[in-house]
Amino acid sequence: MFFALIGILLGLAIGLMLPYTYNTTYSLYISVAILACLDSVFGGIKANLEDKFDTSIFISGFFGNAVLAAFLAYVGDRLGVPLYYAAIFTFGGRLFENFASIRRILLKKRKERKNKQ
Amino acid sequence: MNKTKKPNLIILIFSLLLGIFMAGQLKQNIPILAPVTLRSIQTSKNEINSVKEEIEDLKSLTFKRNEQLKILESIASGDENIINILNEELKNSKIAAGFEKVEGPGIIIKMEDNLSEGAFGQEYDLDLIHDIDVLRIINDLRGAGAEAIDINGQRVLAISEIKCGGPIIRVNGRSVGAPFYISAIGDPKLLNAAINAPNTYAYALRTIDQLNIETTVKDRIVIPGYNGRFNYLYSKPSKEGD
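Protein chains in written order, with this note's numbering: chain B, 49 to 165; chain Y, 2 to 243.
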């Protein structure tokens, strides 16, 4: 949990310092992809807390979901159907689910620690 | 631990990557968060086009103004005769105001009362052409882009009245009787459509009231100028604050 937070903050700092930018046209796709990545990271944290973390699943999910989300947004844009909503709903919903699981696990651990004391 | 040795490290690395992506998105400084759809692209394209057209118009306007400026400068330096130029301008102004005879392609509309025995309605009123009929047809013609209109030789200007005068109608203060010949200069196709297309006012007059309305398209129609005198009594040019 804290590793992810630290990572995101560090990444933000690095990204803001790096001089690279991309075309504004792609910002919609990238934003959907970021949502997918965020979901993957939350999923990874949850799996880690449950001791079920698998690197290959995590990495493939991280990139695969991002690419799929961006692709969906792009295809939707071409077809005139806002398909990126699908990505937003799925990943947004899962984000909250994952967060709920993480919360529960952390609270449980805390309770156990208190009981030990 | 199972397969993975340092899940925290991997999560850290990928969060780092995510943060870098997010920073890239932040740096875009997107003013509107609404996604760009094809429709919004289309509307902004249209806006750009209209602005471009406006720029073109303004450019041509500056070009014209520059030419005028050149003429005025040549007058100031004494190259051209000022009387000639003023005469030319006077002529142009007269044409624009409708005081000059003009010619061009257009249509002639003949409007005649319903002369048949079995008249429509029970009242004679419905078989006759009224001032309002003529007015509405003229309005249709103007809507179709007519540049010059006359009724039986009376030029119709912005100041012309078309009023009922019993068995006749009055145009420009003169009496005009049926049959009415309305000539209009403009795009003959458009003018013809304004009169003959279904559900126009003339169409209703022809089919329901059974008035005789005939149109002829001509390549050359001569329309006389306004032959009255006109002076503004009450209106004065209003000075715009500059």
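Built from N, CA and C at the ideal position, the CB exists for glycine as well. Note that the structure is predicted; figures quoted are calculated from it, not measured.
Grouping DSSP H, G and I as helix and E and B as strand, with all else coil, what is Asn197 (chain Y)? helix
So what's Glu74 (chain Y) in DSSP terms, helix, strand or just coil? helix
How many angstroms separate the CA atom of Val37 (chain Y) from the CA atom of Ala24 (chain Y)? 20 angstroms
List the residues of chain Y whose Cβ lies closer than 7 angstroms to the Cβ of Leu120 (chain B), in chain order. In chain order: nothing, as chain Y lies at least about 13 angstroms away.
Report the three-state DSSP secondary structure of Met49 (chain B) (helix, strand or coil). coil
Rounded straight-line distance, which links the Cα of Gln43 (chain Y) to that of Ile222 (chain Y): 44 angstroms
Sequence-distant residues of the same chain with beta carbon closer than 8 angstroms to Ile198 (chain Y), five excluded per side: Strictly speaking, residue 198 (chain Y) in this sequence is Ala, with Ile absent from that position. Counting only Cβ-Cβ distances below 8 angstroms, and skipping sequence neighbours, we find Tyr204.
Which residues, in order along the stretch 52-72 of chain Y, keep a beta-carbon less than 7 angstroms from a beta-carbon of chain B? none
Taking 8 angstroms as the cut-off, does the stretch 165-173 of chain Y touch the stretch 139-157 of chain Y (at least 3 CB pairs, one atom from each stretch)? yes
Following the continuous alpha helix (DSSP H) through Asn85 (chain Y), name the residue where it begins and the one where it ends. Ile83 to Ala98
Could you tell me if Met2 (chain Y) is buried or exposed, where buried requires 16 or more neighbouring beta carbons within 10 angstroms of its beta carbon? Reliability of the predicted coordinates at Met2 (chain Y) is poor, the pLDDT of 43 falling under 50, and no value is obtained from them.
Please name the residue in B:Pro67, B:Ala84, B:Asn71 and B:Thr103 whose C-alpha comes closest to that of Thr138 (chain B). B:Ala84
Might you give, ordered along the chain, the residues of its own chain that have their beta carbon closer than 7 angstroms to the beta carbon of Lys4 (chain Y), omitting 5 neighbours on each side? Any reading at Lys4 (chain Y) needs caution, since the residue's pLDDT is 49, under 50, leaving its predicted position unreliable; the model's value is listed next. Within the same chain, Lys4 (chain Y) has no close Cβ partners at all.
Anything in chain Y within Cβ reach of Phe106 (chain B), meaning under 9 angstroms, just list it in chain order. Thr5, Pro8, Ile11, Ile12 and Phe15
What residues are listed by DSSP as bridge partners for Asn213 (chain Y)? Y:Glu113
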